[in-house]
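In my numbering, the protein residues as written are 4 to 94.
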């Protein structure tokens, strides 16, 4: 039976939080350097979206089938991140 554990009962590791911060910094730098008219506020919001995408991916990574990890969780996490980014950048 499938169980969807979107809210993990155990806290994420410090490395996972570090990855979110690094992704945010990289997204800020990429947005600020690639768009000539980018403001600090728009680049910062892109960094926030990158961090949110990481946590969304980690949440969907918790999908299991009878306790065993399945690849569908990773795929759903990537799709959810893609939809989130598409919604953000289309506005």
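Ideal placement from N, C-alpha and C gives every residue a C-beta, glycine not left out.
Excluding the five sequence neighbours on either side, which residues of its own chain have a C-beta within less than 6 Å of the C-beta of residue 80, listed in chain order?
60, 63 and 64
Taking all protein chains shown into account, decide if residue 52 is buried (16 or more other Cβ within 10 angstroms of its Cβ) or exposed.
Under the 10 Å beta carbon count, residue 52 is surrounded by 16 or more other beta carbons and is classified as buried.
Ends of the alpha helix (DSSP H) at residue 29?
17-37
Please look up how many angstroms separate the CB atoms of residue 66 and residue 55, rounded, as I've assumed it's under 8 Å.
Beta-carbon to beta-carbon, residue 66 and residue 55 are separated by about 19 Å, too far to satisfy the 8 Å threshold.
From this set, 77, 68 and 49, which residue's C-alpha is nearest residue 92's C-alpha?
Residue 49 holds the alpha-carbon nearest to the alpha-carbon of residue 92 among 77, 68 and 49.
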